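Down below is the structure, laid out as structure tokens.
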């Protein structure tokens with residue numbers, strides 16, 4: 001157990017440090033920027049994320065697959081960078097040819113040309129960042145990876161403070177500070193790791209590039225669907241709501257993202273551990289203990305957020321407190337995604353990665369339908385409901401396809417807890433009287449349902465605490 005926890009913490013330095021800095025940056029921003037202005041800035045960040053995901057063409061995933069298979073990694077790096085970089089330059093050109101339309105879509109104003117051009121420039125910089133960071137990760141330089149994550153967040157925080165305190169307090173302050181921080185961070189990354197750019201010996205390898213495209217392009221479908229799933233609520237609010245709605249929704253989403261730190265840290269650690277256990281033919285009960293332990297931790301954290309939702313949102317600014325009711329629905333995303341990492345192993349072990357496309361579609365299509373039906377009438381509540389329900393379906397579909405390809409374990413307890421979490425998220429939207437007592441009651445029910453899991457994890461901890469090696473077969 002001790003070794004298990006130590007390795008998990010080692011993977012968490014970068015995400016945790018970045019999240020702490022981001023948690024400072026968000027209140028600094030929201031304290032000075034109104035929800036409507038914050039909504040405009042969030043559209044800039046949203047479109048940047050969506051376009052950057054698509055422009056990699058899945059080659060980023062192919063790059064990690066080929067990394068340990070080829071001898072000339074410098075050539076592999078340049079081949080992997082080639083098409084995504086060309087695509088990002090093409091997107092910049094298209095943006096510059098349509099500045100008015102781009103500006104209007106992003107900000108509701110047709111004359112914000114500089115901010116629109118910055119979007120295209122950032123697409124180029126994040127392309128370099130993506131492949132350099134992948135190289136660092138594949139070389140297992142965890143500390144370097146973590147330090148860069150923290151560095152870029154610090155630069156953005158510094159730029160944000162300068163803008164909101166000395167220059168301006170509108171959406172452009174958020175856009176410019178984020179862009180400056182990203183460009184400075186990526187420029188440092190490029191200079192620091194310029195050894196990856198070896199052009200003298202570069203020889204174009206058509207077969208290698210084709211191999212990466214064949215592997216990567218199918219993954220674009222799943223990645224794009226996943227990105228659209230996470231973006232659907234804000235896109236629906238852009239179509240049928242206002243920038244104020246987008247700002248409130250995004251603020252709540254930023255708080256929910258704190259739980260995503262646990263998601264990122266656990267996923268980075270769990271995936272290689274699960275592969276190793278599978279190759280070692282570890283008994284299925286070991287996977288079950290981890291899954292139930294994660295379910296327990298994430299469900300308790302979920303109710304922790306609900307119990308203090310008003311206080312947390314007040315930290316952002318009193319203007320954002322009305323968005324507190326959305327937290328329960330939006331927190332279902334990191335909670336259920338994290339738990340699903342322990343129930344989707346059948347897809348991973350069977351190497352049927354195409355099933356992830358079906359998983360994404362099972363969640364995305366209902367999400368789009370609910371947004372179309374609910375957002376025009378109920379605004380941010382409709383968007384939150386669509387997000388919450390879609391991730392329940394995401395968890396179910398991941399677990400379903402996994403069970404079809406692996407013996408797995410019973411998930412009755414998972415589904416029961418999941419339904420309680422969804423119910424809690426829905427009723428917290430309406431701010432009923434005695435809601436704190438209701439949340440405490442539901443938390444108690446969730447703990448009672450998982451009492452056996454709590455007992456099992458505790459026994460494992462006691463058993464391994466006194467072992468000679470400090471870890472057991474289960475948690476090694």
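Numbering (the working numbering), first residue to last: 1 to 476.
The C-beta atom is built at its ideal place from N, Cα and C for all residues, glycine as well.
Just so we're clear, the structure is a prediction, and the values are computed from it rather than from any experiment.
Discussion item. If the criterion is Cβ atoms closer than 9 Å, does the pair residue 330 and residue 256 meet it?
Written reply: yes
Fill in: Supposed close pair residue 321, residue 310 - CB separation, criterion 8 Å
6 Å
Worksheet item: How close, in whole Å, do the beta carbons of residue 348 and residue 298 come, if the pair is a contact with beta carbons under 8 Å?
Response: Actually they are not in contact, since the Cβ atoms of residue 348 and residue 298 sit about 20 Å apart, beyond 8 Å.
Discussion item. If you reduce the DSSP assignment to three classes, tell me which class residue 474 lands in.
Written reply: Residue placement at residue 474 is flagged as unreliable, the pLDDT there being 44, under the threshold of 50; a coordinate-derived value is accordingly withheld.
Worksheet item: On the three-pair Cβ rule with 8 Å, is the region 355-364 touching the region 394-401?
Response: yes
Discussion item. Can you look up residue 258 in the DSSP assignment and give me helix, strand or coil?
Written reply: coil
Worksheet item: On the three-state DSSP scale, how would you describe residue 60?
Response: helix
Discussion item. Check for me: the alpha helix (DSSP H) holding residue 35 runs from which residue to which?
Written reply: 35-55
Practice prompt. Report the option in 32, 74, 386 whose CA atom is closest to the CA atom of residue 162.
Written response: 32
Worksheet entry | Contact belief for residue 382 with residue 326 at Cβ below 8 Å, rounded distance in angstroms | About 11 Å separates the two Cβ atoms, so there is no contact after all.
Worksheet item: Mind checking residue 84: buried by the 16 CB within 10 Å criterion, or exposed?
Response: buried
Item to complete: Take residue 13 and list the residues in its own chain whose beta-carbon comes closer than 6 Å to its own, dropping the five residues that flank it on each side.
Response: 146
Worksheet entry | Burial state of residue 68 (16 or more Cβ within 10 Å) | exposed
Worksheet entry | Distance, residue 157 Cα to residue 183 Cα | 14 Å
Item to complete: Can you say whether residue 468 is buried or exposed, counting buried as having 16 or more other CB atoms within 10 angstroms of its CB?
Response: At residue 468, the pLDDT of 43 sits below 50, so the modelled position is not reliable; the number obtained from the coordinates is stated separately. It is exposed - the Cβ of residue 468 has fewer than 16 other Cβ atoms within 10 Å.
Worksheet item: Using the beta-carbon count (16 or more within 10 Å), is residue 475 buried or exposed?
Response: Legend: pLDDT at residue 475 = 45, less than 50; position of this residue unreliable, value from coordinates given subsequently. Buried, since its Cβ has 16 or more Cβ neighbours within 10 Å.
Worksheet item: Where does the unbroken alpha helix (DSSP H) through residue 406 begin, and where does it stop?
Response: Segment: none, residue 406 is in no alpha helix (DSSP H) and carries neither H nor E.
Worksheet item: The alpha helix (DSSP H) with residue 362 in it runs from where to where?
Response: 355-378
Worksheet item: Among 80, 164, 250, which residue has its Cα nearest to the Cα of residue 207?
Response: 80
Discussion item. For residue 39, count the other beta carbons within 10 Å of its own beta carbon; 16 or more makes it buried, fewer makes it exposed. Which is it?
Written reply: buried
Practice prompt. Decide yes or no for the touch test of the region 59-74 against the region 267-280: beta carbon pairs closer than 8 Å, at least 3 of them.
Written response: no
Practice prompt. Decide if the region 43-63 is in contact with the region 97-108; the criterion is three or more beta carbon pairs, one per stretch, under 8 Å apart.
Written response: yes
Worksheet item: Are residue 122 and residue 55 closer than 9 Å when you measure CB to CB?
Response: no
Discussion item. Quick check: the Cα distance between residue 154 and residue 132, rounded to an integer number of angstroms?
Written reply: 20 Å
Worksheet item: Who are the Cβ neighbours of residue 337 in its own chain at under 6 Å, not counting the five residues just before and after it?
Response: 263
Worksheet item: So what's residue 245 in DSSP terms, helix, strand or just coil?
Response: helix
Discussion item. Please return the same chain residues whose Cβ sits closer than 6 Å to the Cβ of residue 240, not counting the five positions on each side in sequence.
Written reply: 375, 376
Worksheet item: To the nearest angstrom, how far is it from the Cα of residue 136 to the Cα of residue 430?
Response: 46 Å
Item to complete: Ignoring anything shorter than 4 residues or poking outside the region 123-151, list the alpha helix (DSSP H) runs there in chain order.
Response: none
Discussion item. Assuming the contact rule is C-beta atoms closer than 8 Å, residue 245 and residue 237 should be a hit. Round their C-beta distance to whole Å, please.
Written reply: 5 Å
Worksheet item: So, helix, strand or coil for residue 220, using DSSP?
Response: helix
Practice prompt. Under 8 Å by Cβ, that's how I've got residue 345 and residue 406 pegged, so tell me the actual separation to the nearest angstrom.
Written response: 6 Å
Worksheet entry | residue 302 beta carbon less than 9 Å from that of residue 259 | yes
Worksheet entry | Same chain, Cβ closer than 7 Å to residue 227, five either side skipped, listed in chain order | 49, 50, 53
Fill in: 9 Å Cβ cutoff met for residue 187 and residue 159
no
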